[in-house]
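Report on one structure; see the data block that follows.
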Amino acid sequence: MDLARQITEISIEISRQVGILLDRTGYVTYVIVGDQKSIEIPYLDRVRSTTNRLRGLRLIHTHLKEEPLSEEDLTDMVLLRLDYITAIIPDSNGMPKIFYSAHLNPDIDSENSW
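Counting from 1241, one number per residue, gives the positions in the sequence shown under this note's numbering.
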């Protein structure tokens, strides 16, 4: 919760979305600062990835408006083969208020990839 609070406080202070990419050990591999509406995930070619495996990264980012994960968020998760994605909605004081999360669906016959 401390990490969530830190990025929501920063996000409110600078009025921009803030994101972090964590590896499976919890190590922060990237810090991303976007604009009010989105973040742009950096080029991830050097991080392991194949069509059958997940990348080993989890994205945690803020949304400044009270909105769930966007189609862009979900598409990024699928195309970049991220393990997991979370959007955190801060309250007016910068404290985490709402969490929206998704992971890839292992059922390849499912309509949705998440």
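For each residue, glycine too, the CB sits at the ideal point set by N, CA and C.
- By the Cβ rule, the stretch 1300-1313 counts as touching the stretch 1249-1257, because three or more pairs are nearer than 8 Å.
- Bounds of the beta strand (DSSP E) holding ILE1325 are 1324-1330.
- For ILE1252, the uninterrupted alpha helix (DSSP H) segment begins and ends at 1242-1254.
- One Cα belongs to TYR1324, the other to ARG1298, and the distance between them is close to 5 Å.
- Between LEU1319 and ALA1342, the gap from beta carbon to beta carbon reaches 9 Å or more.
- Check the Cα spacing between ASP1316 and each of ILE1279, LEU1243 and GLU1306: the tightest is with ILE1279.
- Under DSSP, ILE1300 forms a beta bridge with ILE1260 and THR1326.
- From the listed residues ASP1263, GLY1334, LEU1314 and ASP1275, the smallest Cα separation to LEU1284 is found for ASP1263.
- Distance check between GLN1276 and each of ASP1242, ASP1313 and ILE1252 places ILE1252 closest, using alpha-carbon atoms only.
- In the same chain as VAL1268, and ignoring 5 residues on each side of it, the C-beta atoms closer than 8 Å to its own belong to ILE1260, LEU1261 and LEU1262, in chain order.
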